[in-house]
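To keep things clear, I will list the structure first and then write my remarks on it.
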Amino acid sequence: MTNLNMTVNGKPISIEIEANEYLAAALRYKLGLTGTKIGCDEAECGACTVIVNGTPVDSCIYPALKAQGAEVLTIEGLAQTWAATEPGVATEPGVATEPGVVTEQGVVTEPGSVTTPALHPLQAHFIHQGALQCGYCTPGMLMQSKHLLDHNPNPTTDEIKVALKDTLCRCGAYVAIMNAIQFAAEEMREPNAARQTVIPNLPATKAPLDVIGKPLPRPDAIAKATGAAKYTDDYAFPDMLWGATLRAKFPHAKILKLDVAQAQALPGVRAVLTHHDVPGSKNHGLIYNDWPVLCYDKVRYQGDAVAIVAADTREIAQRALDLIEVAYEPLPVVDNPVDALKPETIIVNDGTGHGNLLKHIHVEKGDIDKGFAEADVIIENEYHSPFYEHAFMEPECSIGRVLENGRIEVICGSQIPYEDRRQIAAALNMEEREVRVRGALIGGGFGGKEDIAAQIHVALLAKATGRPVKMLYSRHESLVSHPKRHATVIRVKTGAKQDGTLVASQATIYGDSGAYASLGDKVMTRAATHAAGPYAVPNVKIDCYAMYTNNPPAGAFRGFGVTQSAFAVESNMDELAHQLNMDPFELRRMNALRIGSTTSTGQVVKESAGLLECIRLVEQEVKRQRDSNLQSPVSKLQSWGFAAAFKNTGLGGGAPDKSAAEVEVFEDGTAEVRSSAAEIGQGLPTVLAMITAEELGLPYENVRVLLSDTDLTPDGGPTTASRQTFVTGNAARYAAKGMREILAETASEYLDAAPAQLTFKDGYVSQNGHKLPFAEIVKRARQENRPTRYLHEYFAPATKPLGVEGDMHFGFSYAAQAALIELDPDTGETHVLKIVTATDIGRALNPLALQGQVEGGIMMCLGNALTEEFIVEKGKVWSDLFAKYKMPSIKHTPEIVSFIVEDEISAGPFGAKGVGEISSIPTTPAITNAIYNACGVRVRRLPVDQDALLLAMRAGKLET
Amino acid sequence: MLRLPPFEYHAPRSIEQAVNLYAQFGGAAMFAAGGTDLYPNMKRRQFTPQALIGLNGIDELRGIVQDNGITIRAGTTLSQVASHPILQSQYSALATAANLVSTPQLRAMGTLGGNLCLDTRCNYYNQEFSWRQALGFCMKKDGEICMVAPGSSRCWAVSSTDCAPVVVALDGRVRLVGPRGERVIAASDLYRDDGILYLGKERDELVTEILLPPADGTKSVYLKLRRRDSFDFPILGVAAALRFASNGEIANARIVLGGVGSRPLECVESARLLMGQKLTRELIGAAAEAAWKPARPLDNTDSTHSYRKKMTRVYVARALEALSEK
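Right, dumping it as structure tokens:
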């Protein structure tokens, strides 16, 4: 131990520290300054950036002792650096000012500063521009931005891109981040100048109601911008132990021997558990119970958990893992779904009783042979897509505790808290009521936090030791263990008449679902049902095989299988347009789903189908841009590409899709809305607060949101399938309506009017000029012993299983996108210059949050098309570091022109349907179609391989 | 989360102290300058030194001094190198290369000396400990064989420093200080064609200074190929330096490649073709063609080796075109 003296945020600090402790750990675990986040732990993501003696450093690899005598600035001290330059202002945390009313697109009528005294201008503008979503990268992003502005008070967009190019934001809020930095710079240059707050990238949307439709900042934005926001690893408890997991050594092997005696004997080790110590269900799983809590007979992928340890320190836990003896007998590795289906192949997992076949999904409509017989043109191709990684910035973390009455509490970042509770209780052989799952804030999910990670393990260890146990995955562990986006092989055959009318669409899809089912059969079902694209095709036949292999499990990932099939279908459609010598917009328009169309699964589209309008808007904008660019000769390898897509909102397929929310009102004139539904950065609390405020006539700030605590909040169901705004949004809306009716009954006596005639607005209840404060009504309701809480369990419109006539889904969102790319003919490198997008989401409840989802989806699938690939060879993960998983950074951010189509859906809250996934789906094929238009080579394999592309171009080949 | 293995940390105040400390540990210590590559590697247990000798507290290792040419002390950070006006104007390839290393945060920590001594890299070597343990260790650390070329008796890990090809192309020299005194060697002699013993200095010698000769009108450029324009290491680096005589003929030429072998690779034939000639489109093509041939990247970094080899020709041509326009 050495004494470390430094100044942190202006305060002198003296702590005892080991030489191998690094600064991020010292700040977080010794000083409790948990605003500094650890994303990759290897200086590859920038989340841990702090400023040491005026220089930004990655504190995750900066030995704490190097800061001896240094001045360290963390996110917690950022605001005071600004307050110090502005004499007289308070430094107590304040509340962000309400940004006022939108008068026209993007302009908010508020003169002067948006900075409250307790916020640095960067923090304030990040909040108001929507530059933070999950918030996990935000502290590092802000510190790096501060350093930029310290040295360059007026940075250009390019300068911002250089400064922030290695500070990653997986929510993809880069456009908003660039705008926020420039507005902050402007305010810092001229703090007292009057100015309007403009949100430049805000799309035009319908006129707002009192609250709904306004670009309000997130309720958790201040906490996220100041470092006060708490994610799981930010919690600590007295006597807490550190847990660690022994992972499989081989992708497929029999366990011959498992000996933990030496590990148990290591001083400081408090528990070493194996499958023998799992008292209840030995397996877990969201749909199929096929995933061992701790492996017993064999291991099926490299990330399989074999044993777990709890120890006094992380070092001891790590050393204990090295002392566990496991003898394996390696088995043949099944590394692709096509081989997995062959009868001679070894069975990896018999989870469904069909060998390696997790599920065969069959979609049939009309007569496929007749359809192709009628076709004048048939296009048939095979497409390949690899595994992809969510790369959420916050690695998985769970804390297990034994509560006083013997119950078990697990704190974690989960997309499905009630499912966690069920699975924890089953494994521990406890009743569900004996388990409490508390959701912390989640640093990104994108589908990757739906399955169990360490939740059961910490519960087991806490129970075994009687002490709190924390497990925080390293990035390596996160990458090798959690489910991925399915790798696919998709063969698509598209038939059309000479005039472009689609007559037949056939597809065979192999999905690599890896070692365990996760949500594999649902994901591949969505891939199959969307495999004819957003078009009305009379004859359809699709066969999809979701297969077990020895690769990492594949499960939910933004797009849910549709990302893969859309790439195949939209590539075929584009090729068809060229064959027929048709405008690609026109071909899509002719065949687009519209009111009265029938989908591949036999569902008649009855309402809310804005695809035609999406296509029209994108076409109009692309043609306008093309025309206006006529003067400047464009390089011959610059080209536009186009694609369209649709995506279901909600679970569908006959699954009861329900969510519950509770609204409680208080005598201080506030309300709280509660539901166990996850906020993963997408903005659920914003939407729930807005809906509740609208229905109760309260100011937005007067509504608090409590999410994801199975003791305190009712079940909101999974955060998946773009469903939360619709389903939990409706639950909150009906709960608030129910609450309002009770309050209206109370108020009607005092205002001498029928309850239905009362107006709830701006915190008052009124009728004919008479009004009472909302708070007063609540007070009187309580005096009258009326309920002040209202719970509503909402059931979405019923759906039908695949193969049964009727509606498989209660709604779809639609999108059209065009990409302008530039291709370097000497190197094969592709850059996306522009994306024009139009998205039909029913109704924009909050245009700011909506735009964040649109831009983030585009950024994610720009990576899907060009840079990302989760490389697995023979079951061995190669992409086991962030540096080896090449997601786009701010430098890849194209110009994004976004249109919103609001074709309302009658059952949706204020007409809204899902947006989380649809925004990302057309991006990949729009880019690859643009590549074809630029160089004449069809991309059949993702991601675009610039070497292969170059070879094909040189050799005059038509595909790669 | 990954933990740094335990070590002692020493913070000497002078070069002499640093070198003496190193000698005391008899090979069990490592020098740590910026540590930007060292610490992540330690977390993955590529290195488990008993002691680290931190060089940040040594004032005499910092600064850029103009003399006959220019002397850059080894502890100067990469951001200082990138933003130095004389380096930017007269040795611009070096400022460019320094500015292309990893991330802004790491350039503020990392030093020129550290970048020149950067550990060689390989897909099999730069992996987390448990990954290497599961697959079997390679000869560069804890193992016996080369995973890239299993029949090979040597290690093929790749020199991935951006600055080394530039310093070699600029005819730089480095000053080494060790327990046996000090010496100055040519920058090209700082490297060996071996993935394990990749440095041509003794382990106990410390790089203290980088000496560049007078620019004397030499124009230089550095181009870097990587998958994304983000923090990735170079999968190809091209440093080119040309001095033109008053009649427009090339009086001196050096082209050095990074990222294609275990050491910076000098394109001798390309330089020979350029000498005494005027830089025409045809000559650029011929020099690029000549540079392409000796480049022998192996399949052990990002992107395919065939692509990296092909890009050698494109990037050398682009480098020379950039110099013809300067």
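Protein chains in written order, with the numbering used here: chain H, 1 to 960; chain C, 1001 to 1326. Backbone N, C-alpha and C fix where the C-beta goes; we use that ideal spot for every residue, glycine too.
Check                                                                                                                                                                                                                 : Outcome
Using a Cβ-Cβ distance cut-off of 8 Å, determine whether S889/H contacts chain C.                                                                                                                                     : yes
Please compile the residues from chain C whose C-beta is within a distance smaller than 8 Å of the C-beta of G46/H.                                                                                                   : T1103 and Q1105
Tell me whether the beta-carbon of A1286/C lies closer than 8 Å to the beta-carbon of V1316/C.                                                                                                                        : no
Compare the C-alpha of E1182/C against each of V1158/C, E1282/C and V1207/C and name the closest.                                                                                                                     : V1207/C
Below 9 Å on C-beta distance, what does K876/H contact in chain C?                                                                                                                                                    : W1131, A1134 and L1135
Measuring straight from C-alpha to C-alpha, what distance separates H1305/C and P1297/C?                                                                                                                              : 5 Å
Using 8 Å as the limit for Cβ to Cβ distance, is P63/H near chain C?                                                                                                                                                  : yes
Which runs of the beta strand (DSSP E) spanning at least 3 residues fall entirely within the region 15 to 95 of chain H, listed in chain order?                                                                       : 49 to 52, 55 to 58 and 71 to 73
Identify the contact partners of P1234/C in chain H, using a Cβ-Cβ distance below 7 Å as the criterion.                                                                                                               : Within chain H, no residue comes near P1234/C; the closest Cβ sits about 13 Å away, beyond 7 Å.
Got a sec: which bits of the region 817 to 828 of chain H sit with their beta carbon under 7 Å from any beta carbon on chain C, in order along the chain?                                                             : D826 and T827
May I have the straight-line CA-CA distance separating I452/H from D903/H, to the nearest angstrom?                                                                                                                   : 37 Å
Kindly list, in the order they appear in chain C, the residues whose Cβ is closer than 8 Å to that of D947/H.                                                                                                         : S1303, T1304, S1306, Y1307 and K1310
Contact defined as beta carbons within less than 8 Å: I believe V673/H pairs with A818/H. What is the distance between those atoms, to the nearest angstrom?                                                          : That pair is no contact at about 39 Å.
Using a Cβ-Cβ cut-off of 8 Å, state whether S1188/C counts as contacting chain H.                                                                                                                                     : no
Inspect the CB distances between the region 685 to 704 of chain H and the region 195 to 213 of chain H and report whether three or more fall short of 8 Å.                                                            : yes
Give the straight-line distance between the Cα atoms of E741/H and T788/H, rounded to the nearest whole angstrom.                                                                                                     : 11 Å
Compare the C-beta of T55/H against all C-beta atoms of chain C and say whether one is closer than 8 Å.                                                                                                               : yes
To the nearest angstrom, how far is the alpha carbon of T960/H from that of E793/H?                                                                                                                                   : 51 Å
For the region 1270 to 1277 of chain C against the region 1197 to 1215 of chain C, do three or more pairs of beta-carbon atoms, one drawn from each stretch, fall closer than 8 Å, so that the two count as touching? : no
In angstroms, rounded to a whole number, what distance separates the CA positions of V901/H and T839/H?                                                                                                               : 6 Å
Give me the Cβ distance between S964/H and G716/H, rounded to the nearest whole Å; I'm assuming they're in contact under 8 Å.                                                                                         : Nothing about residue 964/H can be reported from this structure: the residues present for chain H run from 1 to 960 only.
Could you tell me which of A660/H, K522/H, L651/H and L31/H sits nearest to Y288/H, measuring between CA atoms?                                                                                                       : K522/H
How would you call R1313/C, buried or exposed, if buried means at least 16 neighbouring beta carbons within 10 angstroms?                                                                                             : buried
Please list the segments of the beta strand (DSSP E) lying wholly inside the region 718 to 761 of chain H, counting only runs of 3 or more residues, in order along the chain.                                        : 759 to 761
If you pair each beta-carbon of the region 493 to 505 of chain H with each one of the region 567 to 583 of chain H, do three or more pairs fall below 8 Å?                                                            : yes
Three-state secondary structure (DSSP) at L949/H?                                                                                                                                                                     : helix
Please report the straight-line C-alpha distance between P87/H and T81/H, rounded to a whole angstrom.                                                                                                                : For P87/H, the predicted structure reports a pLDDT of 48, less than 50, and the residue's modelled location is therefore unreliable. The matter cannot be settled from this model.
Between the region 287 to 302 of chain H and the region 530 to 539 of chain H, can you find at least three pairs of beta-carbon atoms closer than 8 Å?                                                                : no
With a threshold of 7 Å on Cβ separation, who are the neighbours of I316/H within its own chain once the five nearest residues in sequence on each side are excluded?                                                 : L266, G268 and V269
Which chain C residues are close to T867/H, counting only those with a beta carbon under 7 Å from its beta carbon?                                                                                                    : R1227 and R1228
Below 7 Å on C-beta distance, what does A1108/C contact in chain H?                                                                                                                                                   : T55, P56 and V57
If you measure between the beta carbons of G243/H and V458/H, is that distance less than 8 Å?                                                                                                                         : yes
Okay, do the region 380 to 396 of chain H and the region 930 to 943 of chain H touch, 3+ Cβ pairs below 8 Å being the bar?                                                                                            : yes
Please determine, among D1171/C, G1069/C and N1247/C, the residue with the shortest C-alpha to C-alpha distance to A1186/C.                                                                                           : D1171/C
Determine whether the Cβ of Q455/H lies closer than 8 Å to any Cβ atom of chain C.                                                                                                                                    : no
So the alpha helix (DSSP H) K493/H belongs to, where does it begin and stop?                                                                                                                                          : It is not in any alpha helix (DSSP H) - K493/H instead sits in the beta strand (DSSP E) that spans A487 to A496.
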